[in-house]
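Here is the structure we will look at, set down as structure tokens.
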Amino acid sequence: MATIIMCNVQELCRAICISEHCLTEIVAYGIVKPEGESVTDWVFTDQDVALIKKAVRLQRDLELDWLATALAVSLLEQIDHLHADNLYLKQRLKRLESTHIHVL
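Mapped onto our numbering, the consecutive letters of the sequence shown carry residue numbers 111 to 214.
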């Protein structure tokens, strides 16, 4: 379960060196979906903060617009999930193979 980071927008922006406008763009493009109805009520998880940092690095380093950044972050997240699934399946296959050998 994700840890809830209880900080307001100003504190988060200061901590990761971005403007409030930048943070609202990140949320508007769906890179993160904070809890809370309005900007003043937003609450971010540790996973949100990690995604924001990744998005800001990609946007700055590759000089992407926020739409392209959102797409890149989404694709990178999918790759991470696929790697995790692949590792899990390899481990299961290895266990099944070792069980099969002992049965013979």
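All C-beta atoms in this analysis are idealised placements derived from N, C-alpha and C, irrespective of residue type, glycine included.
Remember, predicted model here, so these are calculated numbers, not experimental data.
query: Candidates A138, Q169 and T155, of which the one nearest C117 by Cα; result: T155
query: Contact belief for V137 with L161 at Cβ below 8 Å, rounded distance in angstroms; result: Not quite, the Cβ-Cβ distance comes to about 11 Å (not below 8 Å), so this is no contact.
query: Residue environment, T179, which counts as buried when at least 16 other CB atoms sit within 10 Å; result: buried
query: L122, buried or exposed, once every other Cβ within 10 Å from all chains shown has been counted against 16; result: buried
query: Cα-Cα separation, C127 to Q120; result: 10 Å
query: Residues of its chain near D195, where Cβ-Cβ distance is below 7 Å and the 5 sequence neighbours each way are ignored; result: none
query: Through-space distance from T209 to L181, alpha-carbon basis; result: 42 Å
query: Identity of the residues DSSP links to E145 by a beta bridge; result: V153
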